[in-house]
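Notes follow once the structure below has been shown.
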Amino acid sequence: MSAHLYDEGHTVAGWTGFGIATAGSGLVGLGVCTGSVAAVGGGLAVVVLSVFVTWGLHLSGWGKPPGVRPREQWGMRVRDPLAREGHSGCVGCRLAGRGRRRAVVVVPEGVGTELAESVPLSPFE
């Protein structure tokens, strides 16, 4: 359990991504200071890598859904039980094809095959 009275959203996915992105940003800064295009490019590649690592950890349950979690899920070592189905309103889950509820519409035969009648919108038509 967390010692705080609110959910700060600290997760394994978030801290791992932050650490990798910080290292990448430091490499970009080093490249700028030394004038090394290779270091700048490598640092940017590490930052992009941090996005994919964070996303993968989120999808495997080590992230957090948007919004407030129940108190028993506030701890950093608690995996998210809803990650497999996807979180509603989560861009990362939507990009992975999760979190979409597809409705199956069954239309009886013969329904919807006739054309609708045009209705005038104003008395001048």
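The numbering of the sequence shown is the working numbering, which starts it at 68 and goes up by one.
Glycine is no exception: its CB is placed at the ideal position from the N, C-alpha and C atoms.
Nothing here was measured: the structure is a model prediction, and the numbers come from that model.
Cβ shell of residue i (< 7 Å), same chain only, five flanking positions each side left out
i, result
"Ser-78", "Reading the sequence as shown, one finds Thr at residue 78 and not Ser. For Thr-78, where only same-chain residues beyond five positions count, the Cβ hits under 7 Å are Trp-129, Gly-130, Lys-131, Met-143."
"Val-124", "Reading off the sequence, residue 124 comes out as Leu, not Val. Here the set comprises Val-79, Ala-80, Thr-83, Gly-130."
"Ala-88", "Val-114, Ser-117"
"Val-120", "Thr-83, Gly-84, Ile-87"
Nonlocal neighbours in the same chain, by C-beta distance under 6 Å from residue i, ignoring five residues either side
i, result
"Gly-156", "Pro-133"
"Asp-147", "Gly-128"
"Ala-150", "Gly-128"
"Leu-126", "Ala-163"
Residue closest to residue i, alpha-carbon to alpha-carbon, out of the options
i, options, result
"Arg-112", "Leu-162, Gly-91, His-154, Ala-163", "Per the sequence presented here, residue 112 reads as Ala, with Arg not at that position. Ranking Leu-162, Gly-91, His-154, Ala-163 by Cα distance to Ala-112 puts Gly-91 first."
For residue j and residue i, believed in contact at Cβ under 8 Å, the rounded distance
i, j, result
"Gly-159", "Trp-122", "5 Å"
Proximal residues to residue i (C-beta, below 8 Å), its chain only, five neighbours per side dropped
i, result
"Leu-97", "Ser-103, Ala-106, Gly-110"
"Gly-93", "Gly-110"
"Val-95", "Ala-106, Val-107, Gly-110, Leu-111, Val-114"
"Val-145", "Glu-139"
Check: Do the stretch 92-112 and the stretch 130-137 make contact, defined as three or more Cβ pairs closer than 8 Å?
Finding: no
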